[in-house]
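Its first residue numbered 1, the sequence shown is counted upward by one per residue in my numbering. Backbone N, C-alpha and C fix where the C-beta goes; we use that ideal spot for every residue, glycine too. Values in this document were obtained by computation on a predicted structure and should not be read as measured data. Step one of this worksheet: look at the structure below.
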Amino acid sequence: MRGRLITLEGGEGAGKSTVLATVRERLAARGLDVVVTREPGGTPLGEAVRALVLDPAYGPVCAESELLLMFAARAQLVRSVIEPALAAGRWVLSDRYSDASYAYQGGGRGQPAARIAELESWAAGVRPDLTLLLDLPVAQGLARAGSRAAADRIEAERDDFFERVRAAYRARAAAEPQRFRVIDAGAELGAVQAAVTAAIDAYLAAQDRR
Ligand code: T5A
């Protein structure tokens with residue numbers, strides 16, 4: 001039986017990396033074979049693209065280049081990691097995936113959604129089965145991210161860019177409620193983890209009933 005692709009999405013500092021371990025443990029406890037990856041990255045080529053696209057030394061980067069670089073990394077990840085894993089019945093958990101391109105390059109940079117959809121169709125070809133959107137106010141996420149490390153090229157954007165990113169994510173979740181679960185990521189960590197656990201358990205229960 002084919003595996004499932006679960007993606008974690010959200011703005012800067014939303015807590016994706018922090019809750020990823022919770023999701024992985026929940027899936028593994030059910031005996032599922034889980035592959036964890038991230039975007040951009042997840043392959044040697046993808047990690048090199050990540051270093052390029054996030055390095056402030058290359059800025060300013062035009063929106064078209066940024067979009068194509070994200071999909072160059074994604075195409076490689078799908079073909080060498082995601083698709084083989086799903087075909088082998090493994091479950092894939094990805095820290096960001098194609099919704100990030102709709103949010104950042106679409107909402108943030110103004111690239112047309114139809115263009116991104118076309119890239120998604122031929123360069124990626126695999127859509128997530130379940131997406132957890134960790135949603136929180138932009139200022140709260142930036143404060144969390146900022147308390148950690150030096151800003152990368154995208155983290156250095158202005159607040160209005162991140163407001164457009166958040167709006168695009170929320171619009172996608174509203175348009176596809178069967179795929180998205182929106183998590184209040186502004187809550188304290190225990191509450192976020194509980195909400196994530198409940199969402200995963202509900203999804204697994206629904207899979208069992210199929
Ligand atoms: N990008 C990516 C695009 O533009 N297009 C694309 O198609 C793709 C795939 C890299 C960048 O690339 C862009 C988006 C990004 O700008 P990334 O590495 O996933 O993507 O970038 P970030 O969002 O910057 O990752 P972060 O590590 O900042 O965010 P996380 O993983 O969401 O947050 P996390 O877990 O590291 O938590 C941040 C801090 O908050 C604390 C944590 O301990 C940590 O210190 N924290 C909490 N504190 C209090 N309460 C809670 N509930 C907390 N949860 C976490």
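Own chain partners of residue i with C-beta closer than 8 Å, once the 5 adjacent residues on each side are dropped
i: Met-1; result: Gly-89
i: Ala-167; result: Gly-107
Identity of the residue in the options nearest residue i by Cα
i: Ser-17; options: Glu-83, Leu-86 and Gly-141; result: Gly-141
i: Pro-56; options: Asp-208, Ala-205 and Arg-153; result: Arg-153
i: Glu-120; options: Leu-133, Gln-105 and Leu-134; result: Gln-105
i: Leu-134; options: Pro-60, Ile-183, Thr-197 and Tyr-169; result: Ile-183
i: Arg-179; options: Ala-143, Phe-71, Ala-194 and Pro-128; result: Pro-128
i: Pro-60; options: Pro-112, Arg-172 and Glu-157; result: Glu-157
i: Trp-122; options: Ala-171, Arg-79, Thr-197 and Gly-186; result: Arg-79
i: Leu-5; options: Val-81, Ala-113 and Ala-205; result: Val-81
Buried/exposed call for residue i, threshold 16 Cβ in 10 Å
i: Ser-101; result: buried
i: Arg-74; result: buried
i: Ala-199; result: buried
i: Arg-26; result: buried
i: Glu-12; result: buried
i: Arg-210; result: exposed
i: Ala-87; result: exposed
i: Ala-205; result: exposed
i: Ala-29; result: exposed
Limits of the unbroken alpha helix (DSSP H) element including residue i
i: Asp-159; result: 159-175
i: Leu-142; result: 138-146
i: Glu-66; result: 63-77
i: Leu-189; result: 189-209
i: Val-19; result: 16-29
Same chain only: Cβ atoms within 7 Å of residue i, ignoring 5 sequence neighbours per side
i: Glu-47; result: Gly-41
i: Ala-85; result: Gly-3, Val-35 and Val-92
i: Arg-109; result: Ala-63 and Glu-66
i: Ala-175; result: none
i: Glu-83; result: Val-126
i: Arg-24; result: Val-34, Val-36 and Leu-93
i: Gln-111; result: Ala-63, Leu-67 and Gln-105
i: Thr-197; result: Thr-22 and Arg-26
Test item: CB-CB of residue i and residue j under 8 Å
i: Val-126; j: Glu-163; result: no
i: Ala-37; j: Ser-98; result: The sequence given here places Thr at residue 37; Ala does not occur at that position. No, they are not a contact pair.
i: Leu-52; j: Tyr-58; result: yes
i: Glu-9; j: Tyr-203; result: no
i: Ala-14; j: Leu-136; result: yes
i: Thr-22; j: Gln-193; result: yes
i: Ala-143; j: Glu-155; result: no
i: Ala-117; j: Val-165; result: no
i: Leu-20; j: Thr-43; result: no
i: Ala-124; j: Phe-71; result: yes
i: Leu-32; j: Val-49; result: no
Interface flag, residue i vs chain C, CB-CB below 8 Å
i: Ala-123; result: Within the model displayed, chain C is absent; a lone protein chain is all it includes.
Proximal residues to residue i (C-beta, below 6 Å), its chain only, five neighbours per side dropped
i: Thr-7; result: Ser-94, Tyr-97, Pro-128 and Thr-131
i: Ala-195; result: Ile-183
Boundaries (first-last residue) of the beta strand (DSSP E) holding residue i
i: Leu-86; result: Note, Leu-86: premise wrong, no beta strand (DSSP E); alpha helix (DSSP H) at 83-87.
i: Val-53; result: From DSSP, Val-53 is part of no beta strand (DSSP E) but of the alpha helix (DSSP H) over 44-54.
i: Glu-9; result: 5-10
i: Arg-38; result: 34-38
i: Arg-181; result: 180-184
i: Trp-91; result: 91-95
i: Asp-135; result: 130-135
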